[in-house]
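Number of protein chains: 2
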Amino acid sequence: MNELQQPIFSALAAPLRRDLLLNLAQNSPRTATELAEEHPITRQGILKHLNILEDAGLVTVRQVGREKQYTLTPEPLGELEQWIDVIGAIWDARLLRLKSFVENEEG
Amino acid sequence: MNELQQPIFSALAAPLRRDLLLNLAQNSPRTATELAEEHPITRQGILKHLNILEDAGLVTVRQVGREKQYTLTPEPLGELEQWIDVIGAIWDARLLRLKSFVENEEG
DNA sequence: CCTAAGTGCAACCAATTAGTTTCACATGAG
DNA sequence: CTCATGTGAAACTAATTGGTTGCACTTAGG
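The listed protein sequences derive, respectively, from chains A and B.
Note that the numbering used here gives residue 96 to position 96 of the first sequence, counting from 1, and the numbers run on in steps of one.
The number in the numbering used here is simply the position in the second sequence, starting from 1, with 107 added.
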């Protein structure tokens with residue numbers, strides 16, 4: 001389960017990539033050239049980040065004429081929330097066990 | 108807003124650190140030595156990861172005698188979910204604007 | 001066809017990060 | 001106090017990642 005989401009976690013680790021997602025959430029679709037004008041990085045640098053986001057399934061690409069349009073795909077973020085929920089569920093279950101254990105001891 | 112969570116996103120980027128959180132969710136508190144026995148890495152390596160998790164606020168440390176006990180602190184994961192929700196909200200709002208735009212055009 | 005402008009891709013370089021090895025400190029026994 | 005054992009912190013090395021520079025391809029205009 002962990003391995004499937006690895007690209008998502010890695011993709012979100014870089015602040016610039018999170019900014020790009022935020023930008024795309026508002027302005028999809030967008031080309032790499034347009035995104036480069038709005039961020040302090042070269043167009044080629046943007047491309048690399050977009051490829052990483054694409055591998056994580058967070059953006060989809062559409063060829064239009066001689067340019068590529070990038071669009072946000074928010075669905076994988078749901079998997080991330082699931083992982084968070086799993087951690088929380090295990091943690092809560094453990095607290096519950098501790099609670100009943102204490103109650104049994106003192107009873 | 109983005110900068111506050113940067114340590115959290117970075118902390119979760121490494122698979123081993125996510126495994127550690129999973130382990131701690133079940134077995135807190137835990138010492139670095141114990142964790143090292145359960146993962147393919149030296150005790151000193153575990154320490155570095157624990158320090159990163161601590162900086163992100165995902166674990167808390169308690170000095171007991173001459174050893175340090177590490178406990179999960181799941182609260183920061185909530186901030187992460189908030190960030191995800193922000194992206195989703197912006198995206199949904201945009202879809203809504205597009206929808207009403209189309210409806211106005213065709214009306 | 002030829003030139004010019006714009007696009008994505010690949011190679012290269014610098015910097016951050018993961019990991020081990022090494023060290024210094026603290027606790028308990030003789 | 002001295003020695004032995006176990007702990008966390010720092011120094012060093014190898015590898016991954018972020019970024020720019022340079023290149024090859026595609027489309028529009030003379």
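Note that CB positions come from ideal geometry on N, CA and C, so glycine has one too.
Report yes or no: is there a C-beta of chain B within less than 8 angstroms of the C-beta of A:G57?
Locating residue 57 of chain A in the first sequence gives position 57, counting from the first residue. Chain B, which has no Cβ nearer than 8 angstroms to the Cβ of A:G57, makes this no.
What did DSSP end up calling B:L179 once you bin it into helix, strand or coil?
Here residue 179 of chain B refers to the residue found at position 72 of the second sequence. Strand.
Which first and last residues belong to the alpha helix (DSSP H) in which B:T140 is found?
In the second sequence, counting from the first residue as 1, residue 140 of chain B sits at position 33. Counting along the chain, the alpha helix (DSSP H) containing B:T140 begins and ends at A139 to E144.
A:Q5, DSSP secondary structure in three states:
As a working mapping, residue 5 of chain A is identified with position 5 in the first sequence. Note: A:Q5 maps to helix in three-state DSSP.
Check whether the Cβ of A:L50 lies closer than 8 angstroms to any Cβ atom in chain B.
Counted from its first residue, the first sequence places residue 50 of chain A at position 50. Answer no: the Cβ-Cβ gap between A:L50 and chain B never drops below 8 angstroms.
Neighbour flag for B:L160 against chain A, beta carbons, 8 angstroms:
Your numbering for residue 160 of chain B matches position 53 in the second sequence. No, no contact with chain A.
Keeping to the same chain, check which residues put their C-beta closer than 7 angstroms to that of B:P163; ignore five residues upstream and five downstream.
Taking the first residue of the second sequence as 1, we reach residue 163 of chain B at position 56. What sits at residue 163 of chain B in the sequence shown is Ala, not Pro. Once the five neighbours on either side are set aside, the close Cβ partners of B:A163 are P114, I115, A118 and P183.
Determine, using beta carbons only, whether A:G107 comes closer than 8 angstroms to chain B.
Residue 107 of chain A sits at position 107 when you count from the first residue of the first sequence. Here the model assigns A:G107 a pLDDT of 45, short of 50, so the residue's position is not dependable and the matter cannot be decided.
Please list, in chain order, the chain A residues whose beta carbon lies closer than 7 angstroms to that of B:E174.
Looking up residue 174 of chain B in the second sequence gives position 67. For a Cβ distance threshold of 7 angstroms, nothing in chain A lies close to B:E174: the least Cβ distance comes to about 21 angstroms.
Can you find a C-beta in chain A that's less than 8 angstroms from the C-beta of B:P122?
Position 15 of the second sequence, counted from the first residue, corresponds to residue 122 of chain B. Taking Cβ atoms only, chain A reaches closer than 8 angstroms to B:P122, which makes this a yes.
Chain B contacts from the region 81-92 of chain A (Cβ-Cβ distance under 7 angstroms):
E81, I84, I87, G88, I90 and W91
Opposite A:R62 in the DSSP bridges: which residues?
The count along the first sequence starts at 1 and reaches residue 62 of chain A at position 62. Partner(s): A:Q69.
Just to confirm before moving on: does the CB-CB distance between B:L128 and A:I46 stay below 8 angstroms?
In the second sequence, counting from the first residue as 1, residue 128 of chain B sits at position 21. In the first sequence, counting from the first residue as 1, residue 46 of chain A sits at position 46. Result no, Cβ atoms of B:L128 and A:I46 do not sit closer than 8 angstroms.
Give a yes or no on whether 8 angstroms exceeds the smallest Cβ distance from A:P74 to chain B.
Locating residue 74 of chain A in the first sequence gives position 74, counting from the first residue. Using a CB distance cut-off of 8 angstroms, A:P74 counts as an interface residue toward chain B.
Hey, could you find the ends of the alpha helix (DSSP H) A:G45 is sitting in?
Taking the first sequence and counting its residues from 1, the one referred to as residue 45 of chain A is at position 45. R43 to D55 is the span of the alpha helix (DSSP H), which, as asked, contains A:G45.
Would you verify that the beta carbon of A:L22 is, or is not, closer than 8 angstroms to some beta carbon of chain B?
Taking the first residue of the first sequence as position 1, residue 22 of chain A is located at position 22. It does: the Cβ of A:L22 has a partner Cβ on chain B nearer than 8 angstroms.
Counting only beta-carbon separations shorter than 8 angstroms, does A:L35 have a partner in chain B?
Against the first sequence, residue 35 of chain A aligns to sequence position 35. Cβ-Cβ to chain B under 8 angstroms: no for A:L35.
From the DSSP output, in three-state form, read off A:S28 for me.
One-based indexing of the first sequence puts residue 28 of chain A at position 28. Of the three classes helix, strand and coil, the one that applies to A:S28 here is coil, per DSSP.
Thinking C-beta only, is B:I197 closer than 8 angstroms to A:Q26?
Counted from its first residue, the first sequence places residue 26 of chain A at position 26. Counted from its first residue, the second sequence places residue 197 of chain B at position 90. Yes, the Cβ-Cβ distance between A:Q26 and B:I197 is below 8 angstroms.
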